[in-house]
Amino acid sequence: DTEVTQTPKHLVMGMTNKKSLKCEQHMGHRAMYWYKQKAKKPPELMFVYSYEKLSINESVPSRFSPECPNSSLLNLHLHALQPEDSALYLCASSQLAGASAERLNTEAFFGQGTRLTVV
Amino acid sequence: DAKTTQPTSMDCAEGRAANLPCNHSTISGNEYVYWYRQIHSQGPQYIIHGLKNNETNEMASLIITEDRKSSTLILPHATLRDTAVYYCIVRIMNYGGATNKLIFGTGTLLAVQP
Numbered sequence: 560d561t562e563v564t565q566t567p568k569h570l571v572m573g574m575t576n577k578k579s580l581k582c583e584q585h586m587g588h589r590a591m592y593w594y595k596q597k598a599k600k601p602p603e604l605m606f607v608y609s610y611e612k613l614s615i616n617e618s619v620p621s622r623f624s625p626e627c628p629n630s631s632l633l634n635l636h637l638h639a640l641q642p643e644d645s646a647l648y649l650c651a652s653s654q655l656a657g658a659s660a661e662r663l664n665t666e667a668f669f670g671q672g673t674r675l676t677v678v
Numbered sequence: 007d008a009k010t011t012q013p014t015s016m017d018c019a020e021g022r023a024a025n026l027p028c029n030h031s032t033i034s035g036n037e038y039v040y041w042y043r044q045i046h047s048q049g050p051q052y053i054i055h056g057l058k059n060n061e062t063n064e065m066a067s068l069i070i071t072e073d074r075k076s077s078t079l080i081l082p083h084a085t086l087r088d089t090a091v092y093y094c095i096v097r098i099m100n101y102g103g104a105t106n107k108l109i110f111g112t113g114t115l116l117a118v119q120p
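The listed protein sequences correspond, in order, to chains A and B.
In this text, residue positions in the first sequence follow the working numbering: the first is 560, and each later residue adds one.
In this text, residue positions in the second sequence follow the working numbering: the first is 7, and each later residue adds one.
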């Protein structure tokens, strides 16, 4: 199983709503990522979890709240979003290398994304 | 992570080799070169990566210059399904923590023509 599964595929929410995006992988990866992608732009890194702990927050506004409840799941909680937050939200996972793992495949596997529209 | 420079777009005839260049002149000794591609409306897909030696897999070949300041991704027989944005990324090995970044540049839109 080399899949990263994201749900829902599409989400429309109002600016006062609270919603969550979900990401799941069963590859034993201990690094998980959230990206945001606007149309015709490259993915922008938002958060990184390593060993279920938040290791990188790329100065993301607090209306986005990540959560990693276990090594297979990653959530992104959304609250009080703005229309400009409408985008494709991508989740990814990868292995983490050990000290002598030069040839370990640590490539990231991406989900198909959640297309979010804020109205 | 080192910055990369790629052409904005390229065309390639179907069945011919597609050669996608990437400049990473500020790469440091412990940074790897990764290539991903993103077909329209899908998540990015890993293609290949390397440190200093040339690499080949079932999808592509990666040629890294001896000084490591540039690389070329080669798709040997491009098909229409290879039309995508191709991203060249340099990063250190993924040990986790603050080093665990995968940062995308602007990429190259490869259009394979029939």
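Don't be surprised by glycine CBs; every beta carbon is placed ideally from N, CA and C.
All figures in this text were calculated on a predicted structure; none of them were measured in a lab.
Can residue i be considered in contact with the ligand GTP, in the sense that its beta carbon sits closer than 6 Å to one or more heavy atoms?
{"i": "N29 (chain B)", "result": "Judged by which ligands are present, the structure shown has none, so any question about the ligand GTP falls away."}
Tell me the DSSP bridge mates of residue i?
{"i": "L655 (chain A)", "result": "In the DSSP output, where bridge partners are listed per residue, L655 (chain A) has none listed."}
{"i": "K578 (chain A)", "result": "A:L637"}
Provide the residue span of the beta strand (DSSP E) that contains residue i, from first to last.
{"i": "T566 (chain A)", "result": "563–566"}
{"i": "A117 (chain B)", "result": "114–119"}
{"i": "V678 (chain A)", "result": "From DSSP, V678 (chain A) is part of no beta strand (DSSP E); its letter is neither H nor E."}
According to DSSP, is residue i helix, strand or coil?
{"i": "A23 (chain B)", "result": "coil"}
{"i": "F110 (chain B)", "result": "coil"}
{"i": "T14 (chain B)", "result": "coil"}
On the criterion of 16 or more Cβ atoms from any shown chain inside 10 Å, does residue i qualify as buried, or is it exposed?
{"i": "K568 (chain A)", "result": "exposed"}
{"i": "V571 (chain A)", "result": "exposed"}
{"i": "E666 (chain A)", "result": "buried"}
{"i": "M574 (chain A)", "result": "exposed"}
{"i": "S77 (chain B)", "result": "buried"}
Inset, instruction - Kindly provide the ranges of any alpha helix (DSSP H) runs that are 4 or more residues long and lie completely inside the region 25–100 of chain B, ordered along the chain. - result: Complete alpha helix (DSSP H) runs here, min 4: none at all.
Inset, instruction - Counting only runs of 3+ residues fully inside the region 584–664 of chain A, write out the beta strand (DSSP E) ranges in chain order. - result: Complete beta strand (DSSP E) runs here, min 3: 590–596, 603–609, 612–616, 623–629, 632–638, 646–653.
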